[in-house]
Amino acid sequence: MANARESGMGATVLRRAAMVVGFSFLWAYVQKGFLSTRLVWVPAGNDEFAAAVLLGSLLLCTAVAAIFRARIERMLASARVPFAVLLALAVVTESAAFADPSVLAHPAAAYSFCVAYYFVHALVLTTLFFGWMLCFLELAYETDLPKTVALLLASMLLSRVITSPYLPIWEHGSRVETVFLAGASLVLWLLCTTGRPQVDVRFSATLDDSSLMKRYLPAFAVYFVSGLLGRIVQSLVENFHQMQVFNLSREILGAVFLATILVVMFLPKSVRGRFSARDVFFLVAGLEMGMVVGQLLFMTLGIPPVQVFFDFIEASRAILLVVSLLLVFLIVYEESVSPVLAFGVFVLGPIILWRIVNLITQSMAPLPLAEWIYGLLLVIIAAMFVVASLLFLFVFVGSNAFMTIFHASSDKTREWRNLIEATAREAGLTARETDIFEYLAMGYTAKRIGEKLYISPYTAQNHIRCIYAKLGVGSKQEVLELVEQRKQAANLH
1 MANARESGMG ATVLRRAAMV VGFSFLWAYV QKGFLSTRLV WVPAGNDEFA
51 AAVLLGSLLL CTAVAAIFRA RIERMLASAR VPFAVLLALA VVTESAAFAD
101 PSVLAHPAAA YSFCVAYYFV HALVLTTLFF GWMLCFLELA YETDLPKTVA
151 LLLASMLLSR VITSPYLPIW EHGSRVETVF LAGASLVLWL LCTTGRPQVD
201 VRFSATLDDS SLMKRYLPAF AVYFVSGLLG RIVQSLVENF HQMQVFNLSR
251 EILGAVFLAT ILVVMFLPKS VRGRFSARDV FFLVAGLEMG MVVGQLLFMT
301 LGIPPVQVFF DFIEASRAIL LVVSLLLVFL IVYEESVSPV LAFGVFVLGP
351 IILWRIVNLI TQSMAPLPLA EWIYGLLLVI IAAMFVVASL LFLFVFVGSN
401 AFMTIFHASS DKTREWRNLI EATAREAGLT ARETDIFEYL AMGYTAKRIG
451 EKLYISPYTA QNHIRCIYAK LGVGSKQEVL ELVEQRKQAA NLH
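Next comes the structure, spelled out in structure tokens:
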């Protein structure tokens, strides 16, 4: 029995480690691959055509996934995706991309292969992204939200290390990094999804019923527009790439940001519970203002203000990209909205659209504007990023996910609470599941539980199904009978 338990724990640890490494590879490729449009196959030296096909394929795959989201979510959740076909397509196209370009000497053949290659490439990447997000969501429902968020943060922190420009992998070109990052992520995802415990998780098909998503939309709008304007201004500035002198500071800021949140997630809940929503808001806002002041101090070293603001925008965009993904993850978890729709519209969508706009503006000649005008535009964009970050923070501290992560459960009568906690501990329920189990034991419906805990009925139902599976019961009536038996047993003793 002990050996079986240790074997199960070992398999769980290995699966979570594979999730961290696998998603870090994909997230690194998102940032280094199609975020910067590092092209693998270019027909007849036509970089613009290849980039347009890649970005167009990514946008098409994301849009199709959003339209058929319910079916795709069922396929991903039930492991009915034709994994073998997907893997075979990826292997064939990547192998062909390594072939000698002279094999496709005819222009029509080269351009046709370019379209086919990038479409399959985009299909694999979007499937991987949605698949990994669903894996983390299932883990959050199955175990615990804070622990899952910590794993997601660790994965993105590892991706910052991988995307460091000082690693040798980036010296070998886009083909090697594609096979290493995207390929390894695909293999690890297949390993994690094969034979995994099935978690019955269901999602709402729309975003209309999500009150938290409605609060998120204004923050997202400011974030998206600021990123869009930043891309346009950067593309229209002459010698922009020579002006980026602070790549190291951007990498450090991104890594420090992720590491700080990760440290907070590993604090005991009793310590995290001492911070109110107002405390967290002003603490993080103060740190952000400190970062702004620190960035401005570079101007005292003789560095041109335009370069300083360019660097601030780059660092802000890298950090807010992570914040946006985490917020969407928390919204999907809290209100059980469609993950494919939410992550497609609010995470992948902005990245792809920014790159499309960037590709269009790069073909235009630099604008002959005075440096002070560029500086003013950059100040406005930087201010928009600051506003977006504060709005994101406001959404987070006002969410139920904040209460889940930072605050302990509310106390009832001591004896009742001890009974609930003992039963939950024996069944292996998470903190959130324990709260829901307590209301179930009081006869509450999923709708009432959702109202009490400020979560959607879909999310409550998802947790209830997990609770039933862990308790070995099939209905709320059996839960009531189980609790009654435990009460009688406790009274006998």
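Numbered as in our numbering, the sequence shown ends at 493 without a single skipped number.
Glycine included, C-beta positions come from ideal geometry on N, C-alpha and C.
Given a cut-off of 9 Å, decide if L157 and T127 are closer than it, judged by their beta-carbon atoms. no
Report, in whole angstroms, the separation of the C-beta atoms of Q31 and S159, which I expect to be a contact under 8 Å. 7 Å
What does the Cβ neighbour count give for R432, buried or exposed, with the cut at 16 atoms within 10 Å? Using a 10 angstroms sphere on the CB of R432, the tally of other CB atoms reaches 16 or more, which defines it as buried.
Neighbour flag for A50 against chain B, beta carbons, 9 Å: Here chain B cannot be found, since the structure has a single protein chain.
Rounded to whole angstroms, what is the Cα-Cα separation between F275 and L453? 19 Å
Taking the alpha-carbon of L341 as reference, which of L134, I232, E426 has the nearest alpha-carbon? Put simply, of L134, I232, E426 the residue whose alpha carbon is nearest the alpha carbon of L341 is L134.
DSSP state of L128 mapped onto helix, strand, coil: helix
Kindly list the residues whose CB is nearer than 7 Å to the CB of C192, restricted to its own chain and excluding five residues on each side of it in sequence; keep chain order. R15, A18, M19, G22, C135
Taking the C-alpha atoms as reference points, what is the distance between A219 and L229? 16 Å
Buried or exposed: which applies to S57, given that a residue is buried once 16 or more other Cβ atoms fall within 10 Å of its Cβ? buried
Identity of the residue in Y333, F346, S338, F310 nearest V322 by Cα: F346
Within the same chain, show all residues whose beta-carbon is closer than 8 Å to that of S324, passing over the 5 residues directly before and after it, in chain order. F220, Y223, F346, V347, P350, F392
Any 3 or more C-beta pairs closer than 8 Å across the stretch 470-477 and the stretch 420-435: yes
Segments of 4+ residues assigned as alpha helix (DSSP H) that fall wholly inside the stretch 378-446: 400-406, 414-427, 431-441
Compare the Cα-Cα distances from V465 to each of C114, L151, T434, V256 and report the closest residue. The residue you asked about is not Val; residue 465 is Arg in the sequence shown. If we check each option's Cα against that of R465, T434 comes out closest.
Continuous alpha helix (DSSP H) stretch holding P457: start and end: 457-471
Can you say whether V13 is buried or exposed, counting buried as having 16 or more other CB atoms within 10 angstroms of its CB? Counting Cβ neighbours within 10 Å, V13 comes out exposed, since fewer than 16 surround it.
F394 versus M403: straight-line alpha-carbon distance, rounded: Linking F394 to M403 through their CA atoms gives a straight-line distance of about 13 Å.
For T459, which of A388, S338, H121 has the nearest alpha-carbon? S338
What first and last residue would you give for the alpha helix (DSSP H) that runs through P305? 305-335
Delimiting residues of the alpha helix (DSSP H) encompassing Q362: 349-362
Leaving out the 5 sequence neighbours to the left and right, which residues in its chain are closer than 6 Å to V280 when beta-carbon positions are compared? Same-chain partners within the cutoff: V397.
What's the C-alpha gap between I495 and T260? No statement about residue 495 is possible, as the shown extent of the chain runs from 1 to 493 and does not include it.
Are A182 and L139 closer than 9 Å when you measure CB to CB? no
Would you please state the rounded distance, in angstroms, between the beta carbons of G254 and A315? I believe it to be under 8 Å. Their Cβ separation, rounded to whole angstroms, is 7 Å, which keeps G254 and A315 in contact under 8 Å.
Can you tell me whether DSSP reads V245 as helix, strand or coil? Caution applies to V245, whose pLDDT of 47 falls short of 50 and renders its modelled position unreliable; the model cannot decide the point.
Roughly how far, in whole angstroms, is the beta-carbon of E335 from the beta-carbon of S456, given that I think they are within contact range, below 8 Å? 4 Å
I331 to V91, Cα distance in whole Å? 35 Å
State the Cα-Cα distance for the pair M75 and I162, rounded to the nearest angstrom. 31 Å
Chain-order list of residues whose beta-carbon lies under 6 Å from that of Y118 (same chain, five-residue window excluded): V53, L54, S57
Span of the alpha helix (DSSP H) around D47: 47-67
Using 10 angstroms around the beta-carbon of R69, count the other beta-carbons present and answer buried if the total reaches 16, otherwise exposed. buried
Residues near V263 by beta carbon distance below 7 Å, same chain, minus five either side: none
Which stretch, first to last residue, makes up the alpha helix (DSSP H) that contains P368? Premise fails: P368 is in no alpha helix (DSSP H) and is neither H nor E.
Express the C-alpha separation of G131 and Q485 in angstroms, rounding to a whole number. 41 Å
State buried or exposed for I313, treating a residue as buried only when at least 16 other CB atoms are found within 10 Å of its CB. buried
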